[in-house]
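A.B. asks: In this text, residue positions in the sequence shown follow my numbering: the first is 2, and each later residue adds one.
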Amino acid sequence: MNVRTYLKVLLITLLIVSVMALGFIAYYIWTTNVWGAYAFKSGQHGDALDEIEGSRINTLVVGKDRVADNTDTILVMSADTSDSNIYIVSIPRDTKVSVNGRTMKINAVYSYAKYSGEAPEELLIDTVKEVTGIKINNYAIIDTKAFREIVDALDGVEYDVPRDYNYDDPYQDLHIHIKKGFQTLYGEDAEGLVRYRHDYARADLERVEVQQSFIKELIKQKLKAKYITKAPKVYRSAQENITSNFTVNELMEYARKLKDISDDTIHTFTIPGEARMINGASYFIIYEEETKEMVRKYFE
């Protein structure tokens, strides 16, 4: 595999695991010959996934904390294999949903399913499909541990932090103390940056913007041949901390079809809606008509 081909495959993997992890899977797979295996741990998705139709491949990407199993980062990545454009829509964690007659925030769906005896991956996929109208072909659920370990393995990410961040959550062992300014963020601080939402004026919407900005910097900086030597360490962490239906063969085929991808073909959105207080709780309410138009234009 030449360096150019490797980098294309790497970019697809970066996008698949998105905010909460990276993966230099292609190179490691190529050198260890594990083509028939699952690329990550397999989950319980039942019959929630849709068959791929036409040139679109839609992947649900979720970042999950290890303590409460909340999925505070949820996005759908749609890859158009006809022109190598990638469309990524973020779904705010406070999005109001109804599950089995219960009103809850979308970030609690996975945890609710797990502790009520349902298949968590299946229920979350079905819920995302219901509120967005987007068909889901694949999924990747990433533990925050993978994000920390992989950012460290890749020598951190240079990032211009827009403000000071200070927050402590002993329950989750989450301690965020980051100074404003241009710096190299390593695993713990990088996780703190993308998870922080404590005193944002626009709550989850502002956090989504920071997450998307960090994704772009990460991809821009790490899509380089010099990081090939990091592949084994990165892949081990990804394999231990990511749950997905992707097989190795599918992942490589996915990358082959998107051979012309570049950072200019990556487009990010936030699902249309607004924050509202309902019965003393803050929810994000999706605008249904605007969402239908966005899905029709970019995700079908």
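In this text, a Cβ means the ideal position worked out from N, Cα and C, and glycines have one as well.
Using C-beta distances below 6 angstroms, list every residue in its chain close to residue 207, excluding the 5 sequence neighbours before and after it, in chain order.
C.D. replies: Translated into the one-based positions of the sequence shown, residue 207 becomes position 206. Closer than 6 angstroms at the Cβ level, and outside the excluded window around residue 207, lie 201.
A.B. asks: Does DSSP classify residue 98 as helix, strand or coil?
C.D. replies: Here residue 98 refers to the residue found at position 97 when the sequence shown is read from its first residue. DSSP places residue 98 in strand when its eight states are reduced to three.
A.B. asks: May I ask which residues mark the beginning and end of the beta strand (DSSP E) holding residue 60?
C.D. replies: Start at 1 with the first residue of the sequence shown, and residue 60 comes out as number 59. Annotation: the continuous beta strand (DSSP E) that includes residue 60 extends over 57-65.
A.B. asks: Taking C-beta to C-beta, are residue 272 and residue 292 nearer than 7 angstroms?
C.D. replies: In the sequence shown, residue 272 corresponds to position 271, counting from 1. In the sequence shown, residue 292 corresponds to position 291, counting from 1. Their beta carbons are under 7 angstroms apart, which means residue 272 touches residue 292 by this criterion.
A.B. asks: State the start and end residues of the unbroken alpha helix (DSSP H) segment that holds residue 132.
C.D. replies: The residue labelled residue 132 in the question sits at position 131 within the sequence shown. Taken as a continuous stretch (DSSP letters only), the alpha helix (DSSP H) holding residue 132 covers 121-133.
A.B. asks: Using a threshold of 7 angstroms, state whether the C-beta atoms of residue 199 and residue 236 are closer than that.
C.D. replies: On the sequence shown, residue 199 is found 198 positions in, with the first residue counted as 1. On the sequence shown, residue 236 is found 235 positions in, with the first residue counted as 1. It is not a contact, given that the beta carbons lie outside the stated cut-off.
A.B. asks: With which residues is residue 106 paired in a DSSP beta bridge?
C.D. replies: Counting from one through the sequence shown, the residue named residue 106 turns up at place 105. Answer is 97, bridged to residue 106.
A.B. asks: Where does the unbroken beta strand (DSSP E) through residue 158 begin, and where does it stop?
C.D. replies: Locating residue 158 in the sequence shown gives position 157, counting from the first residue. Residues 158-162.
A.B. asks: In terms of residue numbering, what span does the beta strand (DSSP E) encompassing residue 143 cover?
C.D. replies: Numbered from 1 along the sequence shown, position 142 holds the residue referred to as residue 143. DSSP places residue 143 in the uninterrupted beta strand (DSSP E) bounded by 139-144.
A.B. asks: Classify residue 282 as buried or exposed, calling it buried when 16 or more other Cβ atoms lie within 10 Å of its own Cβ.
C.D. replies: For the purposes of this step, residue 282 is taken as residue 281 along the sequence shown, with counting starting at 1. Exposed: under 16 other Cβ atoms inside 10 Å.
A.B. asks: Within a Cβ cutoff of 6 angstroms, which residues of the same chain sit near residue 47, ignoring the five residues on either side of it in sequence?
C.D. replies: Counting from one through the sequence shown, the residue named residue 47 turns up at place 46. Correct list, in chain order: 120 and 123.
A.B. asks: Please list, in chain order, all residues of the same chain as residue 299 whose beta carbon is under 6 angstroms from its beta carbon, the five residues on each side excluded.
C.D. replies: The residue given as residue 299 occupies position 298 in the sequence shown. Counting only Cβ-Cβ distances below 6 angstroms, and skipping sequence neighbours, we find 88.
A.B. asks: Looking only at C-alpha atoms, which of 203, 137 and 42 sits nearest to residue 57?
C.D. replies: For the purposes of this step, residue 57 is identified with residue 56 of the sequence shown, where counting begins at 1. Ranking the options by Cα distance to residue 57, first place goes to 137.
A.B. asks: What is the DSSP secondary structure of residue 277, reduced to helix, strand or coil?
C.D. replies: Here residue 277 refers to the residue found at position 276 of the sequence shown. In the structure shown, residue 277 adopts extended strand secondary structure according to DSSP, grouped into three states.
A.B. asks: With H, G and I counted as helix, E and B as strand and the rest as coil, what does DSSP make of residue 213?
C.D. replies: Residue mapping note: residue 213 aligns to position 212 of the sequence shown, counting from 1. DSSP places residue 213 in helix when its eight states are reduced to three.
A.B. asks: Do the CB positions of residue 133 and residue 110 come within less than 7 angstroms of each other?
C.D. replies: As a working mapping, residue 133 is identified with position 132 in the sequence shown. As a working mapping, residue 110 is identified with position 109 in the sequence shown. Their beta carbons are not under 7 angstroms apart, which means residue 133 does not touch residue 110 by this criterion.
A.B. asks: For residue 219, name the three-state secondary structure that DSSP assigns.
C.D. replies: The residue you call residue 219 lines up with position 218 of the sequence shown. Helix, per DSSP.
A.B. asks: Is the beta carbon of residue 140 sitting closer than 7 angstroms to the one on residue 61?
C.D. replies: Numbered from its first residue, the sequence shown carries residue 140 at position 139. Numbered from its first residue, the sequence shown carries residue 61 at position 60. Contact flag set, yes.
A.B. asks: I need the straight-line Cα distance from residue 73 to residue 83, nearest angstrom please.
C.D. replies: The count along the sequence shown starts at 1 and reaches residue 73 at position 72. The count along the sequence shown starts at 1 and reaches residue 83 at position 82. Spanning the two alpha carbons is a distance of roughly 32 angstroms.
A.B. asks: Should residue 68 be labelled buried (16 or more other beta-carbon atoms within 10 Å of its own) or exposed?
C.D. replies: Here residue 68 refers to the residue found at position 67 when the sequence shown is read from its first residue. Exposed.
A.B. asks: Check this for me: beta carbons of residue 143 and residue 77, under 7 angstroms apart or not?
C.D. replies: The count along the sequence shown starts at 1 and reaches residue 143 at position 142. The count along the sequence shown starts at 1 and reaches residue 77 at position 76. No, the Cβ-Cβ distance between residue 143 and residue 77 is not below 7 angstroms.
A.B. asks: Within 10 Å of its beta-carbon, does residue 305 have 16 or more other beta-carbons around it, so buried, or fewer, so exposed?
C.D. replies: This structure does not reach residue 305, given that the chain is present from 2 up to 301, and the question cannot be answered.
A.B. asks: Cα-Cα, which of 86, 51, 80 and 290 is closest to residue 266?
C.D. replies: By 1-based counting over the sequence shown, the position of residue 266 is 265. The candidate whose alpha carbon is nearest that of residue 266 is 86.
A.B. asks: Pick out whichever of 187, 192 and 181 has its Cα sitting closest to the Cα of residue 173.
C.D. replies: The sequence position of residue 173 within the sequence shown is 172, counting from 1. Per the Cα distances, 192.
A.B. asks: Among all the DSSP beta bridges, which residues are the ones paired with residue 178?
C.D. replies: As a working mapping, residue 178 is identified with position 177 in the sequence shown. Answer is 167, bridged to residue 178.
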